[in-house]
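For any residue, its number in my numbering is found by taking its place in the sequence shown, counting from 1, and adding 18.
Beneath this line is the structure, given in structure tokens, with notes to follow.
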Amino acid sequence: MRNLTPEQFREQVRSGAYTGPTAGVCDGFVQANLAILPKEDAFEFLLFCQRNPKSCPLIDVTDIGSAVPAASAPGADLRTDVPKYRVYRNGELADEPTDLNEYWTEDMVAFLIGCSFTFEEALIRNGIPMRHHEEGVNVPMYRTSVDTVPAGKFSGPMVVSMRPMGSGDVVRAVQVTSRFPSVHGAPVHIGNPEEIGIRNLTKPDFGDAVTVREGETPVFWACGVTPQSVAMHAKPSLMITHAPGHMFVTDLKSEQLGVI
19 MRNLTPEQFR EQVRSGAYTG PTAGVCDGFV QANLAILPKE DAFEFLLFCQ
69 RNPKSCPLID VTDIGSAVPA ASAPGADLRT DVPKYRVYRN GELADEPTDL
119 NEYWTEDMVA FLIGCSFTFE EALIRNGIPM RHHEEGVNVP MYRTSVDTVP
169 AGKFSGPMVV SMRPMGSGDV VRAVQVTSRF PSVHGAPVHI GNPEEIGIRN
219 LTKPDFGDAV TVREGETPVF WACGVTPQSV AMHAKPSLMI THAPGHMFVT
269 DLKSEQLGVI
């Protein structure tokens, strides 16, 4: 999957041949988190994203009723091209389908939000290994005690992803990821997880736990799963997202989002 083009990968997803996490697929292309809402809630959610750019950096927003992300993947279909979705009704997880043909309506607006999987390639090129790649699992994600900035009905805690690394790699990781503000940018916290309300690294709220070796530092980035936390907190009548770690792969090159 690593060497497929985005179009080839989305064809695999659309056919049902691939339903797993997307970390490491389609080298060099931007991956995105997904949030879909009825138009009645779309403006408030857009405002929420604008007020919380670290957690929700917008990549693309569709026209009302359109499942085509015209600015980032004009040949794609957001109803079928994500490996796994989550459907929330009134804040409760109702389903985890592999397509949205049953749920899509003509009043829906889809938001694509930058994903930290994009900057992982740059970290690896700089000699910083990704533990969840090494262990073949999804990246660990945690709800924090850090509140987002509310917008209308949308509010709730920030979610972060965590990558452990040697202390000698931390400064370089900050430098590298700072170049990618459109996919969460620099870390929001380094070190003691309890300072942001995380009590146990072995029990992530989303994704899978990874090994944190003696002497390593946990480094935390704002995460595009935050809208799912917001959905559970704000309880909109309907909100559809990607399943954690199961991203939409765009046609955008990662280097297009880098800042020199």
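Backbone N, C-alpha and C fix where the C-beta goes; we use that ideal spot for every residue, glycine too.
Thinking C-alpha only, which one of 268, 273, 274 is nearest residue 79? Sequence index remark: in the sequence shown, residue 79 carries index 61 (1-based). Looking at the Cα atoms, 268 is the closest of the given residues.
Three or more C-beta pairs below 8 Å linking the stretch 70–85 and the stretch 180–191: When Cβ pairs closer than 8 Å are counted between the two stretches, the stretch 70–85 is seen not to touch the stretch 180–191, the count staying below three.
Does DSSP put residue 265 in a helix, a strand or coil? Residue 265 sits at position 247 when you count from the first residue of the sequence shown. DSSP places residue 265 in coil when its eight states are reduced to three.
Member of 66, 24, 54, 30 whose CA lies at the smallest distance from the CA of residue 168: Looking up residue 168 in the sequence shown gives position 150. Minimum Cα distance to residue 168 is reached at 66.
Inter-residue CB distance, residue 139 and residue 46 (contact presumed, cutoff 8 Å): On the sequence shown, residue 139 is found 121 positions in, with the first residue counted as 1. On the sequence shown, residue 46 is found 28 positions in, with the first residue counted as 1. Sure, about 7 Å apart at Cβ, within 8 Å.
If you drop the 5 nearest sequence neighbours on each side, which residues of the same chain put their C-beta closer than 6 Å to that of residue 106? One-based indexing of the sequence shown puts residue 106 at position 88. Correct list, in chain order: 249, 257.
Can you find the residues in the same chain that come closer than 6 Å, C-beta to C-beta, to residue 153, ignoring five residues on each side of it along the sequence? Taking the first residue of the sequence shown as position 1, residue 153 is located at position 135. These residues qualify, in order along the chain: 228.
Could you check what DSSP says for residue 3 in three-state terms: helix, strand or coil? The chain is shown from 19 up to 278; residue 3 falls before or after that span and cannot be answered.
Whole-angstrom C-beta distance between residue 52 and residue 259, which should lie under 8 Å: Your numbering for residue 259 matches position 241 in the sequence shown. Your numbering for residue 52 matches position 34 in the sequence shown. Contact flag correct, Cβ pair sits at about 6 Å.
Who are the near neighbours of residue 253 in its chain, counting only those whose CB is closer than 6 Å to its CB and skipping five residues on each side? By one-based count along the sequence shown, residue 253 stands at place 235. If we look at residue 253 and ignore the five residues flanking it on each side, its Cβ neighbours are 108, 109.
So, is the C-beta of residue 121 closer than 9 Å to a C-beta in chain B? Among the chains of the structure shown, chain B does not appear; only one protein chain is present.
Are the Cβ atoms of residue 348 and residue 113 separated by less than 9 Å? This structure gives no information on residue 348, because the portion of the chain shown stretches from 19 to 278.
Backbone CA spacing between residue 86 and residue 162 [nearest angstrom]: Within the sequence shown, residue 86 is the residue found at index 68, counting from 1. Within the sequence shown, residue 162 is the residue found at index 144, counting from 1. Taking the straight line joining both Cα atoms gives about 33 Å.
Taking the alpha-carbon of residue 92 as reference, which of 262, 179, 25 has the nearest alpha-carbon? Indexing the sequence shown from 1 puts residue 92 at position 74. Here the closest residue by C-alpha is 25.
Quick one: residues in its chain with C-beta nearer than 7 Å to the C-beta of residue 264, no 5 flanking neighbours on either side, listed in chain order? Along the sequence shown, one-based indexing puts residue 264 at 246. The answer, listed in chain order, is 39, 40, 100, 101, 102.
Residue 225 versus residue 238: straight-line alpha-carbon distance, rounded: Locating residue 225 in the sequence shown gives position 207, where the first residue counts as 1. Locating residue 238 in the sequence shown gives position 220, where the first residue counts as 1. Cα atoms of residue 225 and residue 238: separation of roughly 14 Å, rounded to the nearest angstrom.
What did DSSP end up calling residue 250 once you bin it into helix, strand or coil? As a position in the sequence shown, residue 250 is number 232, starting the count at 1. Helix.
Would a C-beta distance cut-off of 9 Å place residue 56 and residue 164 closer than the cut-off? Start at 1 with the first residue of the sequence shown, and residue 56 comes out as number 38. Start at 1 with the first residue of the sequence shown, and residue 164 comes out as number 146. The answer is no: Cβ separation not under 9 Å.
When DSSP labels each residue in this structure, what does residue 278 get in the three-state scheme? By 1-based counting over the sequence shown, the position of residue 278 is 260. Summary for residue 278: the model assigns pLDDT 45, below 50, so the residue's position carries little reliability; its value from the coordinates is reported in the next sentence. In this structure, residue 278 counts as coil in the three-state DSSP scheme.
Drop a sphere of 10 angstroms on the beta-carbon of residue 134, count the other beta-carbons inside from all chains shown, and report buried for 16 or more, exposed for fewer. Locating residue 134 in the sequence shown gives position 116, counting from the first residue. Label assigned to residue 134: buried.
Tell me the start and end of each unbroken beta strand (DSSP E) in the stretch 145–213 that is at least 3 residues and wholly inside, in chain order. 159–165, 175–184, all fully within the stretch 145–213.
Is residue 197 near residue 137, with beta carbons less than 9 Å apart? Looking up residue 197 in the sequence shown gives position 179. Looking up residue 137 in the sequence shown gives position 119. Going by C-beta atoms, residue 197 is nearer than 9 Å to residue 137.
Starting from residue 106, follow its DSSP beta bridges and name the residues at the other end. As a working note, residue 106 is residue 88 in the sequence shown. Beta-bridge pairing links residue 106 to 111, 257.
Considering only the alpha carbon of each residue, which of 213, 166, 195, 211 lies closest to residue 205? Looking up residue 205 in the sequence shown gives position 187. Considering only alpha carbons, the answer is 195.
Among the residues of its own chain, which have a CB less than 6 Å from the CB of residue 83, if the five just before and after it don't count? Position 65 of the sequence shown, counted from the first residue, corresponds to residue 83. Here residue 83 has 124 as same chain residues with Cβ atoms under 6 Å from its own Cβ, once five neighbours each way along the sequence are excluded.
Between residue 245 and the ligand ATP, is there a pair consisting of the residue's CB and a ligand heavy atom that are separated by less than 8 Å? As for the ligand ATP, it is missing from this structure, which has no ligand bound.
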